[in-house]
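One structure is given below, encoded as structure tokens.
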Amino acid sequence: MSRFLVRIESEEYDIGLEYRSEKYYATLNGREVEVSFHRLGESRALLLIDGASYEIDVRANGFDNRKAVFMKGMEIPTEVEDYNLAQLRKRAGITSEASVEKVVKASMPGMVVEVRVKPGDAVTAGDPLLVIEAMKMENVIKATSNGAVKDVSVAAGNSVDKGDKLLELE
Amino acid sequence: MSRFLVRIESEEYDIGLEYRSEKYYATLNGREVEVSFHRLGESRALLLIDGASYEIDVRANGFDNRKAVFMKGMEIPTEVEDYNLAQLRKRAGITSEASVEKVVKASMPGMVVEVRVKPGDAVTAGDPLLVIEAMKMENVIKATSNGAVKDVSVAAGNSVDKGDKLLELE
Amino acid sequence: MTQKITKILVANRGEIAVRIMRACRDMDIRSVAVFSDCDAGAYHVRMADEAYHIGPSPSTESYLVQDKLIEVAKKIGADAIHPGYGFLAENATFAKRCVDEGIIFIGPKAETITTLGDKLQARKAALESGLPVVPGEQLDDDNLNDALEKAHTVGFPVLIKAAAGGGGKGMRVVYSPDDFEEALRSAGNEAGSAFGDSRVFIEKYLERPRHIEFQILCDQHGNAVHLGERECSIQRRHQKLIEESPSPVITEAMRKKMGAAAVNIAQKTGYVGAGTVEFMFVEPDQFYFLEVNTRLQVEHPVTEMVTGLDLVKEQIAIAEGVELSFGQDDLSIVGHAIEYRICAENPEENFMPSTGVLKNYRLPAGPGVRVDSGVVIFSEVPIYYDPLIAKLIVWGKDRNEAISRGRRALEEYRVSGVDTTIGFHRVLMDNETFIRGDLSTKFLEEEYPEHRYSRLNNTYREAAAIAAALHSFTTQRKIRLASSAPKNQQTSAWQARHRRDNLRSFGGDR
Amino acid sequence: MTQKITKILVANRGEIAVRIMRACRDMDIRSVAVFSDCDAGAYHVRMADEAYHIGPSPSTESYLVQDKLIEVAKKIGADAIHPGYGFLAENATFAKRCVDEGIIFIGPKAETITTLGDKLQARKAALESGLPVVPGEQLDDDNLNDALEKAHTVGFPVLIKAAAGGGGKGMRVVYSPDDFEEALRSAGNEAGSAFGDSRVFIEKYLERPRHIEFQILCDQHGNAVHLGERECSIQRRHQKLIEESPSPVITEAMRKKMGAAAVNIAQKTGYVGAGTVEFMFVEPDQFYFLEVNTRLQVEHPVTEMVTGLDLVKEQIAIAEGVELSFGQDDLSIVGHAIEYRICAENPEENFMPSTGVLKNYRLPAGPGVRVDSGVVIFSEVPIYYDPLIAKLIVWGKDRNEAISRGRRALEEYRVSGVDTTIGFHRVLMDNETFIRGDLSTKFLEEEYPEHRYSRLNNTYREAAAIAAALHSFTTQRKIRLASSAPKNQQTSAWQARHRRDNLRSFGGDR
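Protein chains in written order, with the numbering used here: chain A, 9 to 178; chain B, 9 to 178; chain C, 274 to 783; chain D, 274 to 783.
Structure representation (structure tokens):
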């Protein structure tokens, strides 16, 4: 049986999975649950958990452990790790990769209107870092964690594509 | 310029096509028409002909010249041939392949309820050949052309899949 | 004395299961789907709150197996079962079985189903309720002379009908006395083998009647109303294809009169729930009782669109024992609605069913358009069940607006992977006889004797010709370009190009 | 003196272009799309009868270029241009230009647009028409002392507004006299750079008003009616997100009074066409004129749902010179409708726009559900335009039924590829304050100060956790099985498996 640690918001779930004679067997925090899984398309499936019906879309980017699960009109961000690796990581005191990301990237293409910080500035989570105009609206990009600005890669007037590095914290 | 002969119902259309510097150029029965072609999906495209907008789906089976064009709520059966080959064929007195098809195939899966002809029987277009039950309904398969029954491949009670040979005329 | 329903098992599949689950969600009731093998990924299973597998694909091994349905309902604690239409909807045994097991059956009482399901008993009930019936006679079992005499009394042409009939089985039209004996015998045999009941009766055959039916709602407290009529004259093989409400020929006075008759037979037979009283109608004002359908009908949405009511919600409230919240005078008909049955069928091949995977499935939308669909993109239309995959319903402030919107919505509807009746319906919307409202159950055979439903003109043919040629051209071009690539890469250049370009244009007028 | 319109150029894109073309089809009018580079495959182009390319993607080089639009209209012989909303809809120069070129502009006269587009002139027109306006004062250009005195007369808090304003630009709330000078200066500067017009005025600032607006229709013959109100209090950054009709607090008496006021200003300003008179409303019965929008509004469908009218068809008929076919007394409001704006935005990131390709796009359907969408599956949401991709409109016989259907439809709506406001709307439908109808333009900041819109509970978290783990598990399993395959085959086992199985289950409970 494969075992995964899934983090959603601040909750952790221990999921065991096994595939045997064309069926899936699952445990949730050690408790057995009846699971039926039916593919509907490239990233879609119908999942029955103890009879309850969930049509799911899963979006994974392939670069980290994060997957977004879309169901019942909600998009739920999750982080999936191998259970044993997660335990090792925890014992070693390393936080998961999602929270240590220090590179701020453009989440959409647009034009940089204003850069509000410079290398060396100390920032607190929530502080505005820069302003990007896209779809005729100004969007303020904020710091997601505390730190100091290490490096700024763009200047006002620059066009950026989705995924372009904007600045780096340390 | 490539040249095609397209047959729809009993009408024939002479279509010339060329692709040059990212644009399509077309002629219809010798007359130039302005064509713009925008891909929308695997078999779908948006076609503008002298400004008129057609969202099309094309289904082709790859085995013969027939393609079904779906547009404006209609499914239009077409036959496309290379124009020059079509002329050669006509001069040689050969009818197009679609009309010489003598093998009657199941157009859907079902169960053979009744076979109404036997080898040697003469049939006229429209004559019932056999009855297939599918989706709780009995469907009578009729002859599409005149001829004689050469061979019957199924019997009452047989299950058939889509595309299975049912009988052959000659 | 009402009992709140909190969980409903929907003993059906396809569009009607989805429709019922939508009402459940609107009422905050938990809905439970059941499914056969081939329906494991079906839309009704995805729509449900819970879903349970009940057996192999053939309905005789799944959706029709009463034991399995009852077993699931009890296991999961469903208060009620909604049978939809078809399958077990008009099965008195199942209705009784539910009640015996302490589960609410959302439909009339078993006795009512039994009475009204038998055409002879229903005819008797209609006569006793003072409804006009088609002149006709019951037949003694074996007396041919007597039968022929009765046929003469009724007057040829006569219609021989099976007492237990349905779907046109055991039914024969006889124009001449010479053909009577053989028709009587074969109708009896057919009825016997189809229904296990060979009783037949004869009626005067009406040549070009309209099919007009009245929707009724009756609560458990003796209150009953009708919700106006539906005209369902456009049929093939006794199956409806287009339904509308109101009928173009029913006046307010006729509506009152026929509606009262419908309510009357419902009350006389102790009817509870939603039902339909069917009539044949001959202009200007003759109507004859045909039968009562003791279920929600496929075409119920047209009534919903012109009354603003949700009939499934009303059914559930009635089943809970709630009194109707309105009387006859509170109801009015607003605008005009038309329903088109979207079936996976080829209309030009005598409506032969078509199966496959829906490679493209895009719903029409916008003002005045409702779609009740049992499928979504990539759904498979299996061979085992009814070919009805969806219903398109349009509303307009009058019949002309409804027809215009119908035309537009049918052109917006895009399905590929199976044949459908969409193009057929679209052609009918240009038919002058239809537009005039001059309908009868003979409409299709009179207007389209050749079964050709086309609105191809030269402009469309030219566009299709260019489209087909372009398809060949782009495919060839890519094969030429890719001729050195390994063989399995050559399959479809149209596809290959698409994948590479990731949805971008490859040409056009930029 | 009517002129039948036979071909309309729709000078817009997205859902409103599609909406207008649907009305054209319903009226048998030929519709013409125009499109920019990135819209070459857009849904509005596919919906049109004809389509013409007008330039690069930025709207300043395409949809806003008057010369190009006029050129296409003349080349193809369009009788009329419908501007939709946004872009050139309230541009008096364009309206005049159309008329000068002999093309019908579907909207009010240029003079009316000019008058009502200027907030000061509009306020003056309202006062002259006897409409209540928020206590306020015009300001002289450079006299600060005078301005401060006027602010004191009005009473703090005051709102400084740009005369030429829109979209919240040049607008400042001032709570204390100390902040007045700076706010005045910065508002003037902002207005100057945004609109080329630095005039500002002050109004009493209302703390928690409702936004209530009346739809009006005026023909060319002096007939004018109102179609009841819409409540649009749920806003962010002065942009509406949810609209409904009727408002939960407007009584029949208030509707009469406010409706009459709306019709009055329309008639006083010689209004022709469809328009909206906006008010601020303070319970129980105070209302203040806000402005007139001289166009069809995004939220017009809620009015259509409760009146049964098609406002675009009415606009076109008015433009043809046809008289209104109904008077005020013929109109009534039936049921309740709610519209949800489906925007490609992330609500939790302060509604930051999101772009991408719609890998999945499935519309909700069934009873009481209408969708006006500008996109279909595989559409690309480009960066250049408004993030509104669709509108979901629900109808119910009362507000509670509409809310229930809204909940259900929002859960049915499936979009992947971009972030949307669907989940946000779904959360709001469980909000007790919303359900009570206790709305104000402050609703979002009061109820969701943290911008967190979640209805995650443990059951859903568990299901999502299992789903995510299954995704990893099936991917791993395939990579293991395929480890000897060439590298490019390994990308996604979930995909690979799917392709091989051709939509069949790979597991489950068979």
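Note that CB positions come from ideal geometry on N, CA and C, so glycine has one too.
Per DSSP, SER459 of chain C is not a residue of any beta strand (DSSP E); the alpha helix (DSSP H) it occupies stretches across 453-468. Neighbours of VAL644 of chain D in chain C, taken as residues at a C-beta separation under 7 Å, are given in chain order as ALA638. Pairing ILE739 of chain C with VAL43 of chain B gives a Cβ-Cβ distance under 8 Å. In the structure shown, PRO85 of chain A falls within a strand segment according to DSSP collapsed to helix, strand and coil.
Residue burial is scored here from C-beta neighbours: TYR32 of chain A has at least 16 other C-beta atoms within 10 angstroms and is therefore classed as buried. Residues of the same chain with a CB within less than 8 Å of the CB of ARG678 of chain D, apart from the 5 flanking positions on each side, are PRO640, GLY641, VAL642, VAL667, TRP668, GLY669 in chain order. Just measuring C-alpha positions, the residue of D:ARG687, D:GLU525, D:ALA682 sitting nearest VAL648 of chain D is D:ARG687. With 16 or more other Cβ atoms from the protein chains shown falling within 10 Å of its own Cβ, MET320 of chain C counts as buried.
The way I'd put it, the stretch 9-22 of chain B does touch the stretch 732-746 of chain C; three or more beta-carbon pairs between them come closer than 8 Å. Straight across, the Cα-Cα distance linking ARG99 of chain A with ALA617 of chain D is about 41 Å. Note that the C-beta distance between ALA436 of chain C and LYS392 of chain C is below 8 Å.
In this structure, the straight-line span from the alpha carbon of ARG74 of chain A to that of LEU631 of chain D is close to 20 Å. Counting along the chain, VAL585 of chain D sits inside the alpha helix (DSSP H) bounded by residues 584-592. The Cβ atoms of MET625 of chain C and ASN147 of chain B sit closer than 8 Å to each other. Within the stretch 313-338 of chain C, the residues whose Cβ lies closer than 7 Å to some Cβ of chain A are ALA313, GLY314, VAL318, ARG319, ALA321, ASP322, GLU323, ALA324, TYR325, listed in chain order. In the structure shown, the three-state DSSP call for LYS382 of chain D is coil. Close to ASP65 of chain A, with beta-carbon spacing below 8 Å, are these residues of chain D in chain order: ASN633, ARG687, SER689.
Contacts with chain B (Cβ-Cβ distance below 7 Å) from the stretch 348-363 of chain D involve ILE349, listed in chain order.
Contact between the stretch 345-355 of chain C and the stretch 499-509 of chain C is absent, with fewer than three C-beta pairs closer than 8 Å.
Using a Cβ distance threshold of 8 Å, ASP65 of chain A and ASN364 of chain D do not count as a contacting pair. Residue-level contact check: GLY81 of chain A touches chain D, since one or more beta carbons of chain D fall below 8 Å from its beta carbon. Across the set D:SER646, D:TYR657, D:SER518, the C-alpha of D:SER518 shows the shortest separation from the C-alpha of HIS484 of chain D. Residue state for ASN285 of chain D is assigned as coil, using DSSP reduced to three classes. The alpha-carbon of ILE379 of chain D is positioned some 16 Å away from that of TYR336 of chain D. For LYS75 of chain A, the chain D residues whose Cβ falls inside 8 Å of its Cβ are ALA741, HIS744, SER745, in order along the chain.
Here THR426 of chain C is exposed, its C-beta having fewer than 16 other C-beta atoms within 10 Å.
Rounded to the nearest angstrom, the gap between the Cα atoms of GLU288 of chain D and ASP692 of chain D is 18 Å. In this structure LEU457 of chain C touches ILE433 of chain C by the C-beta definition: roughly 6 Å separates them, less than 8 Å. Shown here for VAL595 of chain D: same chain residues with a beta carbon closer than 8 Å to its own, the five before and five after excluded, namely THR275, ASP492 in chain order. ARG67 of chain A is not a Cβ neighbour of ALA53 of chain A, given a cutoff of 8 Å. Sorting C:TYR657, C:GLY438, C:HIS511, C:GLU516 by C-alpha distance to the C-alpha of ASP310 of chain C places C:TYR657 at the top. Burial state of LEU417 of chain C is exposed, judged by a 10 Å Cβ sphere holding fewer than 16 other Cβ atoms.
Residue state for VAL688 of chain D is assigned as strand, using DSSP reduced to three classes. By the 16-neighbour rule on beta-carbons within 10 angstroms, GLN559 of chain C is exposed.
Interface annotation, PHE552 of chain C: not in contact with chain A, CB-CB separation never under 8 Å. With contacts defined by Cβ atoms closer than 8 Å, GLY532 of chain C and PHE487 of chain C form a contacting pair.
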